[in-house]
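First the structure, in the form of structure tokens, and then the observations on it.
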Amino acid sequence: MERTYLKDLPNLVGSTVKIVGFAENQREQSAKLTFVDLRDITGKVQCVAYNLEGSENMRDVTLESVIEIVGLVKARPEKAVKADQQLGAFEIEVKEYKILSKSEGLPLQINAKAQNESEADTRMDYRWLDLRKPEKLLTFKVWTELERAMIEYWTTNNYMEIHTPKILGAPSETGAEVFEVKYFDRTAYLAQSPQFYKQMAMAAGFERVFEIGSVFRAENSNTIRHTTEFTGYDAELSYIDSHFDVMAEEEKLIAFAIQKVVEKYGEEIKKTMGVELKVPTIPFPKMTMVEAKTILAKIGIKSEKEGDLSSEEEKALGNYVETELHHDFVFVTDYPIEVRPFYHMRHEDNQKLTKSFDLMYKGIEITTGAQREHRYEKLVEQAKEKGMNIELIQFYLDFFRYGMPPHGGLGMGPSRLLMKMLGLESIRESMFIFRNPRRLNP
RNA sequence: GGGGUGGUAGCUCAACUGGUUAGAGCAUUCGCCUGUCACGCGAAAGGUUGAGGGUUCGAGUCCCUUCCAUCCCGCCA
């Protein structure tokens, strides 16, 4: 007998079906009558076992056990439906059931009986149980659609997908700290970014590339928006005139992807998470760092350091953009060279400023991008000025010696984007499995 | 890495100024109950109060050390 998804039950009243899932709740009404609420990936249904012969009448079903039920789909008695808020107008009259895998006493409470959600640390220890909650599952349905839409955007706009090595002979120089790994008798590094290789793709004539891959940051950061290993979305494109071309691509990409998410899950997100997800308008607001600082000064946020935004400033700017410009996103451009890596291109008329940008979303940074310096001599000069070990990065500099198109690109953190899209309280909630400086399991 | 807050049963929490045997709900096990839906009723089991040291007649409670968690800052996406 074929398994039936719970969402399809309303069309199957009167027929006998086989359903499978987790036992979310169990109510022993008597020795002869037991209710079990079954949950699968599409929904929930109440299953009624009355006086079953040759079994324990579902009294042996512990919470979260995996069970298989064969039963009759019935409209629920009218009285029962009125009283019920949680479960639908249909139920299953159990004919037979099988416990496929019995659950022990749970280490955290995951059904409606839980008065408080378990602490984050406990939930992360038992992430697979935490994720059984339908609202947590939704995060990853949304992630899937977001990523699918971005791939659709990229592939229909002539980007090629690449996969670059994560074990590197030299750090990828994003400015972030790097993990060392033993590589036979040498030291290798985990990629902080596919930066060098997506630029190599430009040298290879790919013109436009994107990559979805893991990035590693050896930073002892303990905040709700940091993690030591996360998925990065990277894009790089050739023959641009400036960083504005990169920003134009990114805003189209994000608006397209969010639109797809809203179309598919907007209602469900509103219902389960209480968040009204808006499709952002194009173009996104843009301002230079100097302009951002001026605005912040005007609204009374003191600047802690020149040429960069503190997290307080990022939040304040996010609020300002939301209330004054009615937008969730804002590009901040023209960062000074001190806070940017050597490969960012500088303005022709101001060698102190880079043709770079960060994209802020609801007060946090989700992207860094720039036009890259593609002229070999200039690049070497900037690397030296930054005190780079030229020998160590010569393999990268060589990409620029035999003709390199002008290009630029960006790196985005989807887990941060998701966190803000869905109003999650921490980045660990938007990741399948979370890593921080201390957590290596599960 | 710096700072704040916290750590009590499997989970979520309680325990007044230090005071007898550290409690409750849920979960688990057992008993009762034909319509519950956070079902209800009864019972059992469950604890080195994160760890180590100290003060005291007496420490979950006060002090020191240490570990862990969490939030904020820094770093960054």
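Residue numbers (the numbering used here): 19 to 460. Heads up, the beta-carbon is just placed ideally off N, CA and C, and yes, glycines get one too.
Nearest in C-alpha terms to T299, of all of M305, P125, H261, H345, is H345. Counting C-beta pairs closer than 8 Å gives three or more between the segment 218-232 and the segment 251-264, which meets the contact rule. Under the criterion of beta carbons closer than 8 Å, L440 and V293 qualify as touching, at roughly 6 Å. In the displayed model, T249 falls within a strand according to three-state DSSP.
Each residue's CA atom was taken as its position, placing S211 and G427 some 12 Å apart. Counting only residues of its own chain and dropping the five nearest sequence neighbours on each side, S433 has a CB closer than 6 Å to the CB of F248, I445, S448, M449. For H425, the pairing in a beta bridge is given by DSSP as S256.
With respect to the 9 Å criterion, V264 and P303 are not classified as neighbours on the basis of their beta carbons. Beta-bridge partners assigned by DSSP to F228: E179, A253. Note on geometry: alpha-carbon atoms of K289 and P152 lie some 12 Å from one another. Ranked by Cα distance from F158, the first of L442, N459, T372, P460 is L442. Non-local beta-carbon contacts of C65 in its own chain, meaning distances under 6 Å to residues more than five positions away in sequence, involve V54, L56, I87, I110, V112 in chain order. Of the other Cβ atoms in all chains shown, 16 or more fall within 10 Å of the Cβ of L327; this residue is therefore buried. Counting every other CB atom within 10 Å of its CB across the protein chains shown gives H181 a total below 16, marking it as exposed. Shortest Cα-Cα distance from F452 to any of K200, T140, A49 involves T140. Taking all protein chains shown into account, M142 has 16 or more neighbouring C-beta atoms within 10 Å of its C-beta and is therefore buried. Secondary structure note for G336: its alpha helix (DSSP H) is the uninterrupted segment 329-343. The count of Cβ pairs closer than 8 Å, one atom from the segment 412-420 and one from the segment 209-223, reaches three, so the stretches are in contact. In the DSSP annotation of this structure, R57 is not part of any alpha helix (DSSP H); the continuous beta strand (DSSP E) holding it starts and ends at 51-58. Within the DSSP secondary-structure output, L377 pairs in a beta bridge with F349, T385. Bounds of the alpha helix (DSSP H) holding Y394 are 394-403. Straight-line spacing of the CA atoms in Y207 and P183 works out to 11 Å. Leaving aside the five residues that flank L314 on each side, the residues in its chain whose CB is nearer than 7 Å to its CB run, in chain order, S321, E331, A334, L335. L90 places its beta carbon 9 Å or farther from that of G61. Counting of Cβ neighbours within 10 angstroms places S33 among the exposed residues, the total staying below 16.
Where A206 is concerned, the enclosing beta strand (DSSP E) starts and stops at 204-208. V31 sits exposed, since fewer than 16 C-beta atoms from the chains shown fall within 10 Å of its C-beta. Counting C-beta pairs with one atom in each stretch, the segment 360-371 and the segment 386-393 have three or more that are closer than 8 Å, which means they touch. Out of N129, N238, L271, K200, the CA that lies nearest to the CA of T173 is found in L271. Here the alpha carbons of Q44 and V35 stand approximately 20 Å from one another.
Under the 10 Å beta carbon count, G381 is surrounded by 16 or more other beta carbons and is classified as buried. For Y115, the enclosing beta strand (DSSP E) covers residues 108-119. Here H365 carries a strand assignment [DSSP, helix/strand/coil]. For the set N129, L124, N175, the Cα lying nearest the Cα of K154 is the one of N129.
In summary, A49 is exposed, with fewer than 16 beta-carbon neighbours lying within 10 Å of its beta-carbon over all protein chains present.
Less than 9 Å divides the Cβ of P424 from the Cβ of D259.
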